[in-house]
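Worksheet for the structure shown next.
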Amino acid sequence: MNNEHKYTKTDYEQLMHYFSDKHDINLIVEKDNLDYKQCAKTWNILEEMKNIEKFNTDNAWNKLYGRFEEDELVNLNEIKVISLKRIIAVAASIVILLGFVFISKQYVFNNSLVVCNHSKEIKTVILPDGSVVKLNAMAAITYPKKFTKNTREVSFKGEAFFNIERNPEKPFLINVNTAQIKVLGTSFNVFEKNNNSVEVTVKTGKVQLCDCENAGKNITLIEGEKGSLNDKGLVKVLNDNENFIAWMNKKLVFKSTPLKTVVRDINAAYHSNVSLGDKDISSMIITTTFDSLSIDEVLESISLTLNLKVQQQEENTILVKH
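In the numbering used here, the protein residues as written are 1 to 322.
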């Protein structure tokens with residue numbers, strides 16, 4: 001009995017779905033990595049092969065091997081024509097193997113761990129030195145299983161709140177795009193925006209924000225200050241947003257705040273899409289504190305305070321209007 005597995009179109013689509021949806025390759029390896037490029041190239045080949053199934057592949061292979069025979073590279077009498085599905089099966093196997101290669105390089109050879117938060121819920125990561133990182137939605141951190149060198153170094157994307165254990169002998173370094181954040185022991189928020197800017201807001205202690213592409217130029221930030229690095233360079237200002245970590249603790253404080261700003265902070269804290277239906281209500285002022293409430297409770301409180309209505313406009317979109 002022939003026990004060889006017959007690959008079908010469904011097998012192929014499930015394989016594609018597994019690698020594309022369940023593994024965020026961009027967060028595991030850099031795009032300039034050779035293995036990543038090879039995997040991407042192989043997937044492209046597979047896609048093309050799916051589109052050409054309608055052609056006569058037997059004729060194509062016969063022509064190819066005919067050329068081989070003319071050049072005395074092969075003997076056609078000893079060659080069996082291979083089906084397209086078999087080719088796809090072999091190619092898919094290669095992709096799986098390559099997938100194991102780049103995953104093992106990240107998790108075994110580099111002795112590193114990658115944690116990604118694909119949900120709206122906060123994900124807590126405890127680092128080998130006891131430092132705690134709270135990952136916001138769609139954030140990711142790469143760190144070693146053990147800090148063995150003179151520094152504690154991690155890589156990061158997205159937004160997170162860091163509470164770093166103090167260790168003067170091992171500075172803590174966070175690599176974010178072209179920036180590097182250096183700390184000894186402190187707590188601060190990091191927000192990386194669209195791969196082109198980094199924002200650091202310090203809650204306690206002292207942090208250094210460095211521009212790695214500009215001769216190591218840096219600024220030092222203390223409690224209550226916010227620093228950013230973007231195409232305009234390094235900038236340091238006082239933090240005027242009391243709700244900068246509301247996404248983490250769900251505590252919102254408003255002191256004579258315009259409703260437009262209130263809605264902005266609510267959307268950032270709850271990953272919601274609240275909008276104002278009338279422009280004339282954007283300047284309405286509100287003074288209140290919301291602590292650990294659901295977004296429905298927050299909006300209900302605002303509507304009662306300002307005599308507004310809350311409507312569900314469409315999925316995940318809430319409209320606040322007269």
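All C-beta atoms, glycine included, are put in the ideal place defined by N, C-alpha and C.
The structure presented is a predicted model; accordingly, all values stated were derived computationally and were not measured.
Give the DSSP bridge partners of residue i, in chain order.
i, result
"residue 187", "163, 204"
"residue 155", "142, 175"
"residue 276", "320"
"residue 233", "230"
"residue 244", "In DSSP, residue 244 forms no bridge with anything."
"residue 282", "DSSP output for residue 282 lists no bridge partner at all."
"residue 134", "124, 161"
"residue 251", "291"
"residue 211", "179, 217"
"residue 193", "197"
"residue 225", "238"
"residue 313", "DSSP output for residue 313 lists no bridge partner at all."
In three-state DSSP terms, what is residue i?
i, result
"residue 318", "strand"
"residue 238", "strand"
"residue 291", "strand"
"residue 119", "coil"
"residue 218", "strand"
"residue 149", "coil"
"residue 300", "helix"
"residue 260", "helix"
"residue 306", "helix"
"residue 129", "coil"
"residue 50", "The predicted position of residue 50 is uncertain, since its pLDDT is 45 and thus under 50; no value can be drawn from it."
"residue 22", "In this prediction, residue 22 has a pLDDT of 41, which is less than 50 and means its spatial position is unreliable; nothing more can be read from the coordinates."
In whole angstroms, give me the CA-to-CA distance for residue i and residue j.
i, j, result
"residue 321", "residue 256", "20 Å"
"residue 144", "residue 313", "46 Å"
"residue 246", "residue 291", "9 Å"
"residue 249", "residue 240", "18 Å"
"residue 262", "residue 254", "7 Å"
"residue 179", "residue 116", "20 Å"
"residue 134", "residue 164", "11 Å"
"residue 309", "residue 120", "26 Å"
"residue 174", "residue 154", "5 Å"
"residue 282", "residue 216", "42 Å"
"residue 199", "residue 192", "6 Å"
"residue 224", "residue 159", "18 Å"
"residue 202", "residue 295", "26 Å"
"residue 131", "residue 162", "8 Å"
"residue 114", "residue 286", "42 Å"
"residue 129", "residue 172", "10 Å"
"residue 266", "residue 293", "11 Å"
"residue 278", "residue 137", "30 Å"
"residue 124", "residue 139", "11 Å"
"residue 205", "residue 238", "15 Å"
"residue 234", "residue 273", "31 Å"
"residue 147", "residue 221", "25 Å"
"residue 317", "residue 122", "22 Å"
"residue 303", "residue 231", "40 Å"
"residue 301", "residue 307", "10 Å"
"residue 275", "residue 194", "22 Å"
"residue 184", "residue 213", "23 Å"
"residue 207", "residue 142", "20 Å"
"residue 269", "residue 297", "14 Å"
"residue 319", "residue 167", "49 Å"
"residue 311", "residue 251", "24 Å"
"residue 280", "residue 271", "25 Å"
"residue 177", "residue 264", "26 Å"
"residue 236", "residue 209", "10 Å"
"residue 170", "residue 149", "8 Å"
"residue 112", "residue 284", "50 Å"
Applying the criterion that 16 or more other CB atoms from any shown protein chain within 10 Å of the CB defines a buried residue, is residue i buried or exposed?
i, result
"residue 228", "buried"
"residue 157", "buried"
"residue 259", "buried"
"residue 189", "buried"
"residue 151", "exposed"
"residue 315", "exposed"
"residue 305", "exposed"
"residue 181", "buried"
"residue 226", "buried"
"residue 299", "buried"
"residue 196", "exposed"
"residue 243", "buried"
"residue 289", "exposed"
"residue 126", "exposed"
"residue 218", "buried"
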